[in-house]
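Student:
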Amino acid sequence: MDVPDTPDEQAGARQHARPDPDYPVAWEADVVLRDGTTMHVRPLRPDDADAIQRFQEAQSERSAYFRFFAPVRRLTDRELNRLTHLDQRDRVALVAVRPGVDEAGDPREDVLGVARYDKVAPAEAEVAFNIADAMQGKGLGSVLLEHVAAAARERGVRRFTADVLPQNSSMLAVFRDAGYAVSQHLDDGVVSVAFDLDPTERSREVMADREHRAEARSMQALLTARRVLLVGPGPAGPGGATPEHHLAQRVVDVAAADPGDTLLTVLGAPGPVPDADGLRVAASWDDALGGEGVDLALLSVPPPAAVEAVRRLAGRGVRGVVVLAAGYAETGPDGLARQRELVRAAHAGGMRVVGPASFGLLTTTPDARLHASLAERPPRAGVVGMFCQSAPAAVTLTRTLERRGLGVSALLSAGHRADVSGNDLMQYWQDDPRTAVVCLYLESIGNPRKFSRIARRLAGVKPVVVVVAGQSGQVVPPGHAVRATRAPRRLLDEMLRQSGVIRAENTHQLMDVAQVLAHQPLPAGGRVGILASSAALAALVAEAAATAGLVVAASSDFLPPDATDEQIAQVTDALYAPGACDVVVAVDVPVVVPRTGAVARAVAEAAARTGRTTVASMLGLSGLPDELAATGPDGTPVRIPAFSTPEDAVTALGKVVTYARWRTEDRGTHVRPEGTDARRARKLVEGWLAAAEGGDGRVLTQDQTAELLGCYGVRLWRSRTVRTAEEAVAAADALGWPVALKTASTALRHRTDLGGVRLDIADAAELRADVERMRQVALEVLGEDEPAMEVQAMAPVGVPCVIRSGEDPLFGPKVSFGLAGDATDLLDDVAYGIPPLTDVDVAAMVRTVRAAPRLFGYGGAPEADIDALEDVLARVSVLADDLPELASLELYPVVAGSVGVSVLHAVVRLRSGAQRADAPRRALPG
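Residues in the sequence shown are numbered from 2 upward in steps of one, following the working numbering.
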């Protein structure tokens, strides 16, 4: 089932949806603070007056003085009315809230932070903040600045000003550390601060770094939990056990067998609970939450009871809940509403949510092993961080890990990933010293832009291996909230390549690659030395190596079945000699003579001694066998991974070599060409959309297109639309001879073969004749007797190319490059990129299309001006990244000459921009 997940659809499902049509529901968001806890941010409402008064009364005298420049203890009715009655356009306020209780024990919302702005000019506003004393130092001010800045940009505000007392160093630091270009000066004892709101490279880096630390801290709280509460359904009734009973019973049975270092408290036990260490039964909620408290809760109850349980856990120090049971979004709209209600309740209470339909989570940290999953036997300890989504996938992975003997540092199943996703785990594993390899089995990707950004940073320090179910990434399992996408399937491949992750085809290959990365060093190069048990086998392995992008080294050799220990040592020593090769593939598949193990021992000892990356395929061996284990010079144990077939070994090794090469290559810097004016472009787009009739956006005129492209330094060659020969001649006289004549019809526009284009027209007579011929073609092909045509001055000769961009609901902005012509579209010879792009990404896009040799002097033709071509592509990528309203853009053709490029035609379509999944403000899903 396709679950709606656009911001509008989410907003419509909000529990506190407001009847006021002017209430900006899309500004509501759940956020993670610096300490890893969560909070809800929303627009301030008139009915918040009591909460605002309580908030002000609770503030210290110092905080009140910093906010109002006076020791205000209580707001007057007039002040309170002004602060809470806002138009949310020129006067905007956001509040950070958490649930609380009043003196009578009834629930209420407490305000813990306020951010507001008041317009003082059409594009300028004065901003102010007030943070509860107990929340200061937790990053709430920085979060509110991101959100109020995003709201201001949406309302046309481009600059913030603020007056701050010099003693208020924390507020000055919020402005200064946000990454904006801040100006400040002292005037009459007050610091006046001002900064533009357009995101900068630095502000994006600051936000990403803060997001990384906060989300990593929230995951750390889950994965280091020791006190776990299982909330079960209680004993089965007359109707028998439900799925919730079976899930809860599995958790109890697993804990009784091996609790790890976890203390499990059971509330609502599905049956008898064994008397075992690490297990206790709670008689009530007060009993369950008393004593030393609870770090993590496992819920195996129906959805209504789960929501109630989350509300009981709020404010009790619980850092996360794992929802084992299903019955949520996969059941339809009502289930989706229940799922969002549960997530909202958890976030409001400072907790993260794993699930629903999760397999749970576990860690293997010595003396801190967390067992909070359905796994019958926890995997052995290791260096692989394993993430998956559905519980069935987790079952497959845990069984495969056990069969291969591959150890993990942690395993987490996110289920429907209503909250916690692979992005969160990557944030945590980046700094986790016990995790050296990250493996992700993804059934869907909810936020590809964020995934790409986080994965690229993580892959720079640790390998990331990814399996995407269905290969295309466009499969949406029931219960997963994923935006629809119109992107080509190859865009996912490009996103993964651009991110530096290792793409595995299936679970089997995921484990193959993980074995190599977890137990072998990264290779220094791609020269492979082959040691085989026959010449024929060596030739087959060499062919597989070439297919995997490896280069067979001259040191490769084979050993006969009756090779002596002396021969084995001689060949092995030569293979592992300094400089002989970078990696080794050892294959021993005897036909008649039984395998003795001598080759395995020699290879293992040589690999441990030299530190050379080695894989093996030997009859009867798989996984990480003791026969292929040895000790290095420093005493470190080394295991060579064994594969069932030589092809599997070589494929895994080839992927590791490719990744190691990516790690050492220059990954470039984000492109930001000179001469761009994003602010002017946004103002133009907003004006054009405001004037558009209907809700489908608009296609820009040639003049508007030229003006928009000009904001990014792209010059569009002008053309004139004509319908008669005399109009064409007049246009040519104005533009300058020689000229080109083109039909304005999209069906014939680029079809020289069908007579839709005439080039190098030198005089009026020739032009009149071509107009008549083109009119005839239009009549025969299109049935038009008075077709529109365009006259354009001839551009310098060169290679025609096509650059396109557009906004996809799931991936956000996307850019493509290819050479012009039907073959490009028919053969899909197109390179894709997801902005923001680096200079290396742009260069790769131009060079990776199969027809790229035409740009580099193919067949003796002059080379194209690649620098100029890359410059245009970079500018288009920045334009697409800056403007979510850019529904589509096509530059066709872009003629790359020997000096410079010529953009001869462009089509731009705009539509009101939906909020991107990876917006310039931190927010959790849901």
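Just so it is clear, CB atoms sit at the ideal spot from N, CA and C, and this is done for glycine as well.
The structure presented is a predicted model; accordingly, all values stated were derived computationally and were not measured.
Can you tell me whether Y833 is buried or exposed? The criterion is at least 16 other CB atoms within 10 Å of its CB, across all chains shown.
Tutor: Buried is the call here.
Student: Assign T632 to one of three DSSP states: helix, strand, or coil.
Tutor: The answer is strand: DSSP assigns T632 an E or B state.
Student: Is the number of C-beta pairs between the region 580-593 and the region 521-533 that are closer than 8 Å three or more?
Tutor: At 8 Å Cβ cutoff, the stretches touch.
Student: Note down the Cα distance separating G114 from F360, rounded to an integer number of angstroms.
Tutor: Answer to the nearest angstrom: the Cα atoms are 36 Å apart.
Student: If you draw a straight line from the alpha carbon of T753 to that of A741, how long is it in whole angstroms?
Tutor: Distance between the alpha carbons of T753 and A741 is about 11 Å.
Student: Going by Cα to Cα distance, which pick from Q499, L407, D262 and A52 is closest to P836?
Tutor: Nearest C-alpha to P836: Q499.
Student: Would DSSP call A845 helix, strand or coil?
Tutor: Looking at A845 - three-state DSSP - the assignment turns out to be helix.
Student: Go ahead and pull the three-state DSSP assignment for P647.
Tutor: In the structure shown, P647 sits in a helix (DSSP, three-state: H, G or I).
Student: Taking all protein chains shown into account, decide if A957 is buried (16 or more other Cβ within 10 angstroms of its Cβ) or exposed.
Tutor: In the structure as shown, the chain starts at 2 and stops at 927, and residue 957 therefore has no counterpart that could be examined.
Student: Are V252 and L375 touching if we call contact CB-CB under 8 Å?
Tutor: Yes; because the gap between Cβ atoms is below 8 Å, this pair is in contact.
Student: DSSP state of K463, grouped into three classes?
Tutor: The answer is coil: DSSP assigns K463 none of H, G, I, E or B.
Student: Please report the distance separating the alpha-carbon of A763 from that of V902.
Tutor: Using only the alpha carbons, I get a separation of about 22 Å.
Student: Determine the DSSP secondary structure at M619, reduced to helix, strand or coil.
Tutor: Strand.
Student: Given that a residue counts as buried once 16 or more other Cβ atoms are within 10 Å of its Cβ, and exposed if not, what is R487?
Tutor: Result: exposed.
Student: Which one of P200, V183, H906 and A748 has the shortest CA to CA distance from E155?
Tutor: Selected option, being the one with the closest Cα: P200.
Student: Classify M220 as helix, strand or coil using the three-state DSSP reduction.
Tutor: In this structure, M220 counts as helix in the three-state DSSP scheme.
Student: Where does the unbroken beta strand (DSSP E) through A373 begin, and where does it stop?
Tutor: Note, A373: beta strand (DSSP E), H372 to S374.
Student: Decide yes or no for the touch test of the region 329-343 against the region 266-275: beta carbon pairs closer than 8 Å, at least 3 of them.
Tutor: Segments in contact, no.
Student: Alpha carbon to alpha carbon, how far is P123 from L87?
Tutor: Distance between the alpha carbons of P123 and L87 is about 17 Å.
Student: Report all residues from its chain with a CB closer than 6 Å to the CB of G321; omit the five preceding and five following residues, and keep chain order.
Tutor: These residues qualify, in order along the chain: L223, L297, M352 and R353.
Student: Spatial neighbours of A735 within its chain, please: CB distance less than 6 Å, with the 5 preceding and 5 following residues excluded, ordered by chain position.
Tutor: Within the same chain, A735 has no close Cβ partners at all.
Student: Where do the N-terminal and C-terminal ends of the beta strand (DSSP E) with M352 fall, by residue?
Tutor: Careful: M352 lies outside any beta strand (DSSP E) and carries neither H nor E.
Student: Output the boundary residues of the beta strand (DSSP E) element that contains L742.
Tutor: Residues V740 to T744.
Student: Can you look up A163 in the DSSP assignment and give me helix, strand or coil?
Tutor: Strand at A163.
Student: Check whether the Cβ atoms of A249 and L265 lie closer than 8 Å to each other.
Tutor: No, the pair does not count as a contact, with Cβ atoms beyond the cut-off.
Student: Report, in whole angstroms, the separation of the C-beta atoms of A505 and V462, which I expect to be a contact under 8 Å.
Tutor: Not really, about 20 Å apart at Cβ, beyond 8 Å.
Student: Run through DSSP, which three-state label would P8 get?
Tutor: Residue placement at P8 cannot be trusted, given a pLDDT of 36 that sits under 50; the coordinates are not used to answer.
Student: Which residues in the same chain have their Cβ closer than 6 Å to the Cβ of G858, if we skip the five residues on either side of it in sequence?
Tutor: Only E864 meet the Cβ criterion.
Student: Would you report the Cα separation of V730 and G676, rounded to the nearest angstrom?
Tutor: The straight-line gap from Cα to Cα measures roughly 36 Å.
Student: Look up Y181 in the DSSP assignment and say whether it is helix, strand or coil.
Tutor: Y181: coil per DSSP, three-state reduction.
Student: Evaluate E293 with the Cβ neighbour count: other Cβ atoms within 10 Å of its Cβ, from every protein chain shown; 16 or more gives buried, anything less gives exposed.
Tutor: It is exposed - the Cβ of E293 has fewer than 16 other Cβ atoms within 10 Å.
Student: Let's test the definition: count the other Cβ atoms within 10 Å of the Cβ of P894 and tell me whether it reaches 16, buried, or not, exposed.
Tutor: Under this definition P894 is a buried residue.
Student: Between which residues of its own chain and R401 is the CB-CB distance below 6 Å, once the five residues before and five after are set aside?
Tutor: The question names Arg, but residue 401 in the sequence shown is Thr. Excluding positions up to five away in sequence, the list reads M512.
Student: Taking the alpha carbon of R312 as the reference point, which residue from S170, L827, L459 and E110 has its own alpha carbon closest?
Tutor: The candidate whose alpha carbon is nearest that of R312 is E110.
Student: Once the 5 residues before and after L538 are set aside, which same chain residues still bring their CB inside 8 Å of it?
Tutor: Result list for L538: F559, V588, V590 and P647, in chain order.
Student: With the cut-off set at 8 Å, would you say V93 and R68 are in Cβ contact?
Tutor: The answer is no: Cβ separation not under 8 Å.
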